[in-house]
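Chains as they are written, first to last, in the working numbering: chain V, 1 to 584; chain L, 1001 to 1196.
Okay, here's the thing in structure tokens:
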């Protein structure tokens, strides 16, 4: 074995031996799989950091060659304990990582390209302070070995100076000499206080740190992002399910409070929502949508950016579908159903042989073991037969939903801004799917601008993709598709409810060149389970549309606040329909 | 008379004193009697000066501190001067110097950090202990004069308050500007939306 190989083996052994001490820095009961110590040859491509943690595999990885090059080979406990901190303190799990990132985006405003690195840096600050202060580890020595930041790297100078203040170290011992004209003292004082104030709340302090950083960095060319990436550890989190609650959590979309205005950081500070400054935090009005008073979660575009940065969803349309699915959840309504004469009663049959190739779940184990304690397919293994008997109780069959969504230019793009109309459509569709119905969703704008599901489907992803699709063109309701679905179909389909989500463009459903056309009314009669028009129109014009719509029920949904009354009115209507049918 | 301005410590003006943890321990162990509103703080101060210093003190200069809302601060530093950490320095100071110390501690520091925090909050306790030592012409044992002055500067609440107020004001202006810009962008976006 060469001398180099012997040195590498000794280093790896030293790091392995340091693992119990690193775990003990976070408590005596912590258990975690041992570190993944990686050499130069098997280091994953694209990772330039010497250490990283994987939130999905819950595993710490160390690139020993890079750590050695940085002079950190003699500090294994500090480095390993730091990486463990990412699993224990900040972020801990993918949901918290997403929340920290969302708040960081909010604080960085237009420099949200820095959000992933800054989120990691914020976590590093909290972890290092905890380890230095409570566990007695030499985190300052780690920074000393790495060396002072570049004089142009204002963010790292800020972090280093804050650590000097937190750990009572002489000025310049970590941050290096002050740079004339670019002082960070005030900000570092604030950051040091913020680190202590939010020591156990990484999400709460992330936006403030982002706001502090935003004040110090200008355009991208002012900041050496590459230099920061080399110094901070890396967070590996790609793939996995989207954490629940990100789209609806109002705290994630709350305005960022700069630490100098944060009473948690400076007890005497006046909060940003101080009545004296209330005007500065007002939400700007959006095109075509009134300002919403109730606190709300992230906008669909910000949500999509967040999921993209987390490596969970790269397609904005899929992210928007996920956003509307989550926001529709609390508003789901009962959906119409229709009575079927009788419901067949299940009846247990006898036992028959179960053989290889049949569904494993069908094996009746008690029956098989009674026959023989030795399970042999085709000989001793048994399955239960199920028969049906003519029942006497009537059954309920869900009504299918034929949904039409206006995506003309007068409707805001639901993938970018929160659209109450698209949410109303999502509520209808998901309520129908929940009831076991099938849904046909059609997105329409001008002539030849029609997209949607391929007929009726039970696939929620396909339906939501149609809900968030957007053309932004002219307005021409696809009457021919409505007619083809309800008047030209053969066979005996299930009863269907027709729902149209639109605005004043609904005229094109009932009028052709200014002349009333009977197509929509004929389709309603053929569908057999009623129709709903969900319109973004002023409430006082509802009567006019109701008159034009004939037997269609008309609901107005112009703002987020209208969704609950809409859901309530729709549920009451379904209740009435069901009672009428029952009486019949 | 109170001193409302903060002065940067002079590293050359201090000599080694007690250890910082010992002095902070004495602060944390301040007798609860000092918070009693009925206590005669002026009499307590007079007794303290006669116990640990030499010379006469200016009653008029201390009267305001002893009767104001932050008079408990005078009780806290009287307790400190009697504490075990500073006992080796008993008789080391002039009464006039202690009056000046009281004015700076109660007049300046207490305006930013209430005396109750000197005892209860770890960070404030360190700040109070460091400032107190510096005003007495001492520095924490084991620290060089430069390091002690640097730490005191870094921790000084009065010094920081002015800088942070300025920062907060800048931030408010930036937030107002951002809100105006966002509103303008929203108006422009509304104008661009097509109604067809």
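Think of the CB as a built atom: it goes at the ideal place given N, C-alpha and C, for glycine as much as any other residue.
Keep in mind that this is a model prediction, so the values were computed, not measured.
Check	Outcome
Indicate the three-state DSSP secondary structure (helix, strand or coil) for residue 381 of chain V in the structure shown.	coil
Let me see if you follow: with CB-CB separation under 7 angstroms, is residue 1181 of chain L close to chain V or not?	no
Who are the neighbours of residue 170 of chain V on chain L, taking C-beta pairs under 7 angstroms?	1147, 1150
Beta-carbon of residue 1199 of chain L versus every beta-carbon of chain V: anything under 7 angstroms?	Given a span of 1001 to 1196 for chain L in the structure shown, any question on residue 1199 of chain L remains unanswerable.
In the DSSP assignment, find the beta strand (DSSP E) that holds residue 53 of chain V and state where it starts and stops.	51 to 54
Keeping to the same chain, check which residues put their C-beta closer than 8 angstroms to that of residue 564 of chain V; ignore five residues upstream and five downstream.	331
What are the residues of the region 483 to 503 of chain V that lie near chain L, defined by any Cβ-Cβ distance shorter than 7 angstroms?	none
Tell me, please, which residues DSSP counts as bridged to residue 63 of chain V.	V:38
With a 10 Å radius around its C-beta and 16 neighbouring C-beta atoms as the bar for buried, classify residue 235 of chain V as buried or exposed.	buried
Going along the chain, which unbroken runs of the alpha helix (DSSP H) with 4 or more residues stay wholly within the region 6 to 36 of chain V?	none
Which of the three DSSP states, helix, strand or coil, is assigned to residue 79 of chain V?	helix
Check for me: the beta strand (DSSP E) holding residue 1103 of chain L runs from which residue to which?	Counting along the chain, residue 1103 of chain L falls outside any beta strand (DSSP E), and DSSP gives it neither H nor E.
Given that residue 260 of chain V touches chain L, what residues does it touch there, using C-beta distances under 7 angstroms?	1164, 1167, 1168, 1171
By Cβ distance, which residues of its chain are closer than 8 angstroms to residue 130 of chain V, with the 5 residues on each side in sequence left out?	85, 89, 199
Among V:547, V:540, V:498, which has the Cα closest to the Cα of residue 525 of chain V?	V:498
In chain order, which alpha helix (DSSP H) runs of at least 4 residues are fully inside the region 395 to 473 of chain V?	420 to 434, 460 to 468
With 16 other CB atoms within 10 Å as the buried threshold, where does residue 1054 of chain L fall?	exposed
Entirely within the region 1002 to 1075 of chain L and at least 4 residues each: give me those alpha helix (DSSP H) ranges in chain order.	1020 to 1028, 1041 to 1052, 1059 to 1067
List, in order along the chain, the chain L residues whose C-beta lies closer than 9 angstroms to that of residue 186 of chain V?	1160, 1163, 1164, 1166, 1167
What are the residues in the region 1026 to 1049 of chain L lying within 8 angstroms of chain V by C-beta distance?	none
Quick test of the definition: if touching needs 3 or more C-beta pairs under 8 angstroms, does the region 531 to 542 of chain V touch the region 469 to 487 of chain V?	no
Taking buried to mean at least 16 other C-beta atoms within 10 Å of its own C-beta, is residue 1062 of chain L buried or exposed?	buried
Quick one: does residue 1154 of chain L have its CB under 7 angstroms from some CB of chain V?	yes
Tell me, which residues are paired with residue 351 of chain V by DSSP?	V:384
Using a Cβ-Cβ distance cut-off of 7 angstroms, determine whether residue 284 of chain V contacts chain L.	Because residue 284 of chain V sits at a pLDDT of 37, beneath the cut-off of 50, its placement in the model cannot be relied upon, and the point is left open.
Give every residue of the same chain whose Cβ lies closer than 7 angstroms to the Cβ of residue 240 of chain V, excluding the five residues on either side of it in the sequence, and list them in chain order.	56, 94, 312
Per DSSP, what kind of secondary structure is residue 287 of chain V in: helix, strand or coil?	The predicted position of residue 287 of chain V is uncertain, since its pLDDT is 34 and thus under 50; a value taken from the coordinates is nonetheless stated next. In this structure, residue 287 of chain V counts as coil in the three-state DSSP scheme.
Taking C-beta to C-beta, are residue 442 of chain V and residue 404 of chain V nearer than 7 angstroms?	yes
Kindly identify the DSSP beta-bridge partner or partners of residue 303 of chain V.	For residue 303 of chain V, which the question treats as bridged, DSSP gives no partner whatsoever.
For residue 351 of chain V, tell me which candidate among V:553, V:334, V:327, V:387 has the shortest Cα-Cα distance.	V:387
The beta strand (DSSP E) spanning residue 496 of chain V covers which residue range?	496 to 502
Could you tell me the alpha carbon to alpha carbon distance between residue 495 of chain V and residue 527 of chain V, rounded to whole angstroms?	6 angstroms
In the structure shown, what three-state DSSP assignment does residue 345 of chain V receive?	strand
For residue 1197 of chain L, tell me which candidate among L:1170, L:1051, L:1159 has the shortest Cα-Cα distance.	Coverage of chain L is limited to positions 1001 through 1196, which leaves residue 1197 of chain L absent and any answer about it impossible.
Under 7 angstroms between beta-carbons, which chain L residues line up against residue 266 of chain V? List them in chain order, please.	1164
Select from V:201, V:265, V:73, V:401 the residue whose C-alpha is nearest the C-alpha of residue 1168 of chain L.	V:265
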